[in-house]
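Residue numbers for the sequence shown follow our numbering, beginning at 9 and rising by one.
Note that the Cβ used here is the ideal one computed from N, Cα and C, for glycine as well.
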Amino acid sequence: MVRWKQADGSLSWFLVTNLNMKSGMSLKIKGKIHNDVNSFTINLGQGKETLNLHFNPRFNESTIVCNTLDGSSWGQEQRENHSCFSPGSEVKLTLTFQDKDFKVTLPDGHSLTFPNRLGHNHLRYLSMDGLQISSFKLE
9 MVRWKQADGS
19 LSWFLVTNLN
29 MKSGMSLKIK
39 GKIHNDVNSF
49 TINLGQGKET
59 LNLHFNPRFN
69 ESTIVCNTLD
79 GSSWGQEQRE
89 NHSCFSPGSE
99 VKLTLTFQDK
109 DFKVTLPDGH
119 SLTFPNRLGH
129 NHLRYLSMDG
139 LQISSFKLE
């Protein structure tokens, strides 16, 4: 596991290469979006080139983009027009991994579903960028 710490002790960029997330488990994330960004990302998968879920809220578009990366090939983007994020805001997210899909519960209670296109039942890779992570919990 690699962590990049801010002066205040929070995590700014986060990478886990030995995650043990299995179908039926949830990842709970708390943090604060950086003040100087237009988006943030959370990636779950097998490695940096095999992402089962690429979660990318884009503030300037008021859109949440989800996708899959398989090698060098991105899948078709799933876009949802929903705006509950902004630079500098506090966030609490829950990402639930199920056999056939991912359910992401947003800070405002809204949820979205994205298919598990690659079909893996075990995820070992997590990366996050654009957030100061105060806590995360896998359960």
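Once DSSP output is grouped into helix, strand and coil, what is the label at residue i?
{"i": "GLU88", "result": "strand"}
{"i": "GLU69", "result": "helix"}
{"i": "VAL24", "result": "strand"}
{"i": "GLY55", "result": "strand"}
Which same chain residues end up closer than 6 Å to residue i when comparing Cβ atoms and leaving out the 5 residues on each side of it in sequence?
{"i": "ILE50", "result": "PHE63, MET136"}
{"i": "SER97", "result": "ILE41"}
{"i": "PRO115", "result": "CYS92, VAL99, LYS100"}
{"i": "HIS130", "result": "LYS30"}
{"i": "SER143", "result": "LYS38"}
Of the choices the options, whose alpha-carbon is the least far from that of residue i?
{"i": "ASN46", "options": "GLN84, THR102, PHE93", "result": "PHE93"}
{"i": "LEU23", "options": "PHE67, LEU134, GLY83", "result": "LEU134"}
{"i": "PHE110", "options": "PHE48, TRP21, LEU52, LYS145", "result": "LEU52"}
{"i": "SER81", "options": "LEU126, PHE144, ASP107", "result": "LEU126"}
{"i": "ASN124", "options": "LEU103, GLY138, PHE144", "result": "LEU103"}
Assuming residue i and residue j form a contact by the criterion Cβ under 8 Å, report the distance between their Cβ atoms to the nearest whole angstrom.
{"i": "GLU166", "j": "GLY79", "result": "Because residue 166 is not part of the residues shown, which for the chain are 9 to 147, the question remains open."}
{"i": "HIS90", "j": "HIS118", "result": "6 Å"}
{"i": "LEU139", "j": "GLU88", "result": "Wrong, their Cβ atoms sit about 19 Å apart, outside the cutoff."}
Between residue i and the rest of its own chain, which residues show a CB-CB distance below 7 Å, the 5 nearest in sequence each way excluded?
{"i": "PHE67", "result": "ASN46, SER47, PHE93, SER94, PRO95"}
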